[in-house]
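Asker:
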Amino acid sequence: MSGLGPRYPTEKPDHPYVQHSFGGFLFGSYNSLFCAGCGYGIIGHLFTRVFEDDKLDPLSFPLIIGIGCYTQLVTLAHHNSQKIFALHGRAPAIATGIKLANPKLKPIIFTGDGDSLGIGGNHFIHICRRNVDCVILIFNNSIYGMTGGQGAPTTLYGSKSTTSTYKTFENRSDAVKLALAAGASYIARITVAHPRTLMKYFRKALNHKGTSIIEVITPCLTYFGSKNLDSLGAEYLGIQGSKMDTGGKMIDWIKRNCVRKNQARFMDDEELFNRYIIGEFRYDASKPEYSEEYAKIQKRSMEED
Amino acid sequence: MSIKNNKRYLPEGKYVMMGNVAMSEGALAAGLNFFGGYPITPSTEVIEHLTKRLPEVGGSCIQMEDELASINAVIGASLAGVKAMTATSGPGLSLMVETISMAANLEIPFVLCDVQRVGPGSHGPVTSPHHNDLGLIRFAGHGEFQVIALAPMNCQELFELTITAFNFAETYRCPVFIISDAYLGHLHEPVYIPPKEQIIKKVIKRELPQDYTKFFSYKDDMTGQYVIPKTPIAGTEYFPPTSLHLPHNYAGLPTSNSLEFMEMLIEKIISNIDKISITEEYRLEDAEIIIIAYGLPVRACYRAVDIAREQGIKVGIFRLVTVWPFPDKKVKEVIKNAKAIIVPELNYTGFIAEQVERVKKLEIPIVKIPKVGEFHHPEEILNVIKEVSK
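If you're matching them up, the sequences are chains A and B in order.
Just so you know, we're using my numbering here: the first sequence kicks off at 2 and counts up by one.
Just so you know, we're using my numbering here: the second sequence kicks off at 55 and counts up by one.
(1) Pull the bridge partners of residue 86 of chain A from the DSSP assignment, please.
(2) Select from the segment 280–303 of chain B all residues with a C-beta closer than 8 Å to any C-beta belonging to chain D, and list them in chain order.
(3) Around the C-beta of residue 61 of chain B, are 16 or more other C-beta atoms found within 10 angstroms, so that it is buried, or is it exposed?
(4) In chain order, which continuous runs of the alpha helix (DSSP H) of length 4 or greater are located wholly inside the segment 135–205 of chain A?
(5) Are any of the Cβ atoms in chain B nearer than 8 Å to that of residue 61 of chain A?
(6) Let me check understanding here. Comparing Cα to Cα, which of A/64, A/214 and A/91 lies closest to residue 108 of chain A?
(7) Using a beta-carbon distance below 8 Å, is residue 139 of chain B in contact with chain A?
(8) Contact defined as beta carbons within less than 8 Å: I believe residue 184 of chain B pairs with residue 172 of chain B. What is the distance between those atoms, to the nearest angstrom?
(9) Applying a beta-carbon distance threshold of less than 8 Å, which residues of chain B neighbour residue 302 of chain A?
(10) Below 6 Å CB to CB, which residues in the same chain sit around residue 380 of chain B once its five sequence neighbours on both sides are set aside?
(11) Select from B/96, B/90, B/94 and B/95 the residue whose C-alpha is nearest the C-alpha of residue 105 of chain B.
(12) Using DSSP with H/G/I as helix, E/B as strand and the rest coil, what is residue 235 of chain B?
(13) Suppose the cutoff is 6 Å on Cβ atoms and the five residues either side in sequence are ignored; what does the same chain contact list for residue 82 of chain A look like?
(14) Nearest-angstrom Cα distance between residue 200 of chain B and residue 320 of chain B?
(15) What's the call for residue 140 of chain A, buried or exposed, on a 16-neighbour Cβ count within 10 Å?
(16) Where does the unbroken beta strand (DSSP E) through residue 72 of chain B begin, and where does it stop?
(17) Determine whether the Cβ of residue 69 of chain B lies closer than 8 Å to any Cβ atom of chain A.
(18) Using 8 Å as the threshold, is the segment 45–54 of chain A in touch with the segment 93–101 of chain A, meaning 3 or more CB pairs across them?
(19) Measure the C-alpha to C-alpha separation of residue 152 of chain A and residue 282 of chain B and round it to an integer number of angstroms.
(20) Taking the CB atoms as reference points, tell me whether residue 343 of chain B and residue 439 of chain B lie closer together than 8 Å.
(21) Residues in its own chain within less than 7 Å of residue 4 of chain B by CB, not counting five upstream and five downstream?
(22) So, are the CB atoms of residue 230 of chain A and residue 243 of chain A less than 8 Å apart?
(23) In chain B, what lies closer than 7 Å to residue 166 of chain A by C-beta?
(24) Flag this pair as yes or no: are the beta carbons of residue 73 of chain B and residue 247 of chain B separated by less than 8 Å?
(25) Kindly indicate which three-state DSSP category residue 372 of chain B falls into: helix, strand or coil?
(26) When the Cα of residue 61 of chain A is compared with those of A/91, A/103 and A/76, which residue comes out closest?
(27) State the beta-bridge partners of residue 142 of chain B as determined by DSSP.
(28) Please list, in chain order, all residues of the same chain as residue 4 of chain A whose beta carbon is under 6 Å from its beta carbon, the five residues on each side excluded.
(29) Kindly indicate which three-state DSSP category residue 334 of chain B falls into: helix, strand or coil?
(30) Quick check for students: name the residue ranges of the alpha helix (DSSP H) that lie wholly in the segment 94–138 of chain A, counting only runs of 4 or more.
(31) What residues match up with residue 292 of chain B in a beta bridge as DSSP calls it?
(32) CB-CB under 8 Å to residue 106 of chain A, same chain, minus the five flanking residues each way: which ones, in chain order?
(33) Just to make sure I have the definition right: I need the residues of chain A whose C-beta is within less than 9 Å of the C-beta of residue 182 of chain B. Which are they?
(34) In its own chain, which residues sit with a C-beta less than 7 Å from the C-beta of residue 155 of chain A, not counting the 5 before and 5 after it?
(35) How about the segment 82–96 of chain B and the segment 108–115 of chain B: do they share at least three Cβ pairs that are nearer than 8 Å?
(36) To be precise: take each residue of the segment 117–149 of chain B, compare its Cβ to all Cβ atoms of chain A, and keep it if any distance is under 9 Å. Which residues remain?
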């Protein structure tokens, strides 16, 4: 919906979940604005699917959306979700305000790697620290897609972007490690190549009381794939990579570049360099949640005279 | 001060209160339920007072990680259906403008108390007053929109005008500023708190409307009036399908007519200027010299005018309580027969002098009395009056 262009009705698909998407339900347009090979379509579809399957009331889960390509997920997300567009990086602060003002709501934040770790890094740390009840989905495509392929805080070492034409030599930031240090109570990382696990984690996060961080590794074919070779993350083997110019090759690369958490324990730093460790990193249901703790303060101060 | 009371409204009576506390109490009386702030001298007493008082009335007060986060939390709370505010000073306001601009475009109401201090940096005499944010407040952000700014001059008004500010925010759905400053915020003065019933009668509540199809302001084609619906509340049925950061119509759907959208954002305030602009006149009946002032300097002007009147100089005060939007028509009417205009301001630029310059006839001279970091002494104003009357 970010574009102003007309939305033409498209043929109604048989797919049971796409029909509940915002664009389809309201405008009869079942397409999306994403590039071919993008992973956001999968995420939008899974989001709608969880709400439809579990018969959740989308009104109690306001959707707060940051700035990035994924802003256009509104067209794919459930038509009944209340969509609030945040400024670049400020979604966690808005979620904190909503949660405190109305603790019955559980905000879901769509944010990207640049949104949450770049410009909104501070807000991200502090929402984890407070353990405000919300779900944060970080879509990590290791590039700034919406502005045209600039380097992101998560861009892998050695990869190319429009603002690092030769190679990226900065250390990448790791959302999971940051969240672990900041104190979020449910932290997981998964990729769009593992959709069922992603749904499992998302369901777990929806039922968890506290800040849930799910980092989703997603491909950006247009700006990341077309510029980089699939040897990224396998440098230690010294293999010659080939171009990632189709969606399939990118998904292949993501699958190959991911290491299960249990597997990673037996690998050394060199082997894990530039690779993604997937799995659940923390699940702590006992950690006090901010709005619940605040309710206790309210009760106490009301009783005092 | 310690207030042993677990109710939203203080018992009727006279209290000695600090300006920042009076403002906070005014906000509570107006139905404040959320405060998100970040400490900054000289506004810190606001968050310190509300952190104790808000939980008592079932509201919440949170110290966020920075000003960017505090204003965004305020916006979030306002979207969730409670009255929300924040307080800051110049450097904090600079950080907040990004979100103020978004809130104005999405018509999310909130109140911001700007306790101004001597600028421009972060160090220096931060407990001295300086009305230096007026220009920033008027165009507080990127994009085009109008704000409302009220300038109290004593603690009693800080209490009362804060209630008015919340009412304006609810009615016009725009950012509303309270222009305070370091001296006013730290001033201890008697404040009369009216009985609870009287306050409740004045306050406009956040409620759900009858009509669930219109979420944003629009121009009624039949009457030509601007209609401002109630603020949408997240978690209820009354919420737009999307809240877009682009020109949208009353239903929240994108429109290609950007001009009409901008016109709506500005005209919804300007067309109601008669209801918004609060002004006061003092001994203006036959005045030839007119003092136009706002905020603290007005208090020095009263004394100066009284002395000048005793000496037979025809001088009066036109006080702006609502500073923005600037009441062009009213000022034009007042200065119609004036021979000279004096504008004492707590800044060098003369933000209001510029506005008066814009609306006055060519031949009337304007004398600015700039002052930074300290009060105007009535003597200084009197001297200028005498000089001008020669």
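Glycine included, every Cβ here is placed at the ideal spot set by N, Cα and C.
Answerer: According to the data block:
(1) Numbered from its first residue, the first sequence carries residue 86 of chain A at position 85. Partner(s): A/66.
(2) Here chain D cannot be found, since the structure's protein chains are A and B.
(3) Taking the second sequence and counting its residues from 1, the one referred to as residue 61 of chain B is at position 7. Residue 61 of chain B comes out exposed.
(4) 176–183
(5) Mapped onto the first sequence, residue 61 of chain A falls at position 60. So yes, residue 61 of chain A belongs to the interface.
(6) In the first sequence, counting from the first residue as 1, residue 108 of chain A sits at position 107. Cα-wise, what sits closest to residue 108 of chain A is A/64.
(7) Reading the second sequence from its first residue, position 85 is the one you call residue 139 of chain B. It does not; no Cβ of chain A falls within 8 Å.
(8) Translated into the one-based positions of the second sequence, residue 184 of chain B becomes position 130. Translated into the one-based positions of the second sequence, residue 172 of chain B becomes position 118. That belief holds up - the Cβ atoms of residue 184 of chain B and residue 172 of chain B are roughly 4 Å apart, short of 8 Å.
(9) In the first sequence, residue 302 of chain A corresponds to position 301, counting from 1. 60, 106, 109 and 110, listed in chain order.
(10) By 1-based counting over the second sequence, the position of residue 380 of chain B is 326. Here the set comprises 409.
(11) Within the second sequence, residue 105 of chain B is the residue found at index 51, counting from 1. Here the closest residue by C-alpha is B/90.
(12) Along the second sequence, one-based indexing puts residue 235 of chain B at 181. Correct three-state label for residue 235 of chain B: strand.
(13) Indexing the first sequence from 1 puts residue 82 of chain A at position 81. Beyond the five residues adjoining it in sequence on each side, residue 82 of chain A comes within less than 6 Å, by CB distance, of 59 and 64 in the same chain, given in chain order.
(14) For the purposes of this step, residue 200 of chain B is identified with residue 146 of the second sequence, where counting begins at 1. For the purposes of this step, residue 320 of chain B is identified with residue 266 of the second sequence, where counting begins at 1. Within the model, the alpha-carbon separation for residue 200 of chain B versus residue 320 of chain B is close to 5 Å.
(15) In the first sequence, residue 140 of chain A corresponds to position 139, counting from 1. Burial call: buried.
(16) As a first step, residue 72 of chain B must be located in the second sequence, where it is residue number 18. Unbroken beta strand (DSSP E) run through residue 72 of chain B: 67–72.
(17) Looking up residue 69 of chain B in the second sequence gives position 15. Not an interface residue.
(18) no
(19) Taking the first residue of the first sequence as position 1, residue 152 of chain A is located at position 151. Taking the first residue of the second sequence as position 1, residue 282 of chain B is located at position 228. If you take the alpha carbons of residue 152 of chain A and residue 282 of chain B, they lie about 43 Å apart.
(20) Here residue 343 of chain B corresponds to residue number 289 of the second sequence, with the count starting at 1. Here residue 439 of chain B corresponds to residue number 385 of the second sequence, with the count starting at 1. Going by C-beta atoms, residue 343 of chain B is nearer than 8 Å to residue 439 of chain B.
(21) What the structure shows of chain B is the stretch from 55 to 444, and residue 4 of chain B is not part of that stretch, so it cannot be assessed.
(22) On the first sequence, residue 230 of chain A is found 229 positions in, with the first residue counted as 1. On the first sequence, residue 243 of chain A is found 242 positions in, with the first residue counted as 1. For residue 230 of chain A and residue 243 of chain A, yes; Cβs fall inside 8 Å.
(23) Here residue 166 of chain A corresponds to residue number 165 of the first sequence, with the count starting at 1. By Cβ distance, chain B contributes nothing, its closest Cβ being about 30 Å from residue 166 of chain A, past 7 Å.
(24) Residue mapping note: residue 73 of chain B aligns to position 19 of the second sequence, counting from 1. Residue mapping note: residue 247 of chain B aligns to position 193 of the second sequence, counting from 1. No, they are not a contact pair.
(25) Residue numbering aside, residue 372 of chain B sits at position 318 when the second sequence is read from its first letter. Residue state for residue 372 of chain B is assigned as strand, using DSSP reduced to three classes.
(26) Position 60 of the first sequence, counting from 1, holds the residue named residue 61 of chain A. It is A/103 whose Cα lies nearest to the Cα of residue 61 of chain A.
(27) Taking the first residue of the second sequence as position 1, residue 142 of chain B is located at position 88. According to DSSP, which records beta bridges pairwise, residue 142 of chain B is partnered with B/168.
(28) Walking along the first sequence from the start, residue 4 of chain A turns up at place 3. A caution first: residue 4 of chain A carries a pLDDT of 46, below 50, which makes its placement in the model too unreliable to give a value.
(29) Translated into positions along the second sequence, residue 334 of chain B becomes position 280. Residue state, collapsed to three classes: strand.
(30) 122–131
(31) Taking the second sequence and counting its residues from 1, the one referred to as residue 292 of chain B is at position 238. Partner(s): none; residue 292 of chain B has no beta bridge.
(32) Counted from its first residue, the first sequence places residue 106 of chain A at position 105. Closer than 8 Å at the Cβ level, and outside the excluded window around residue 106 of chain A, lie 61, 62, 63, 99 and 100.
(33) Taking the first residue of the second sequence as 1, we reach residue 182 of chain B at position 128. Within chain A, no residue comes near residue 182 of chain B; the closest Cβ sits about 30 Å away, beyond 9 Å.
(34) One-based indexing of the first sequence puts residue 155 of chain A at position 154. For residue 155 of chain A, where only same-chain residues beyond five positions count, the Cβ hits under 7 Å are 114, 118, 141, 143, 173 and 174.
(35) yes
(36) 118, 119, 120, 122, 123, 124, 125, 126, 127, 128, 129, 130, 131, 132, 133, 134, 135, 136 and 138
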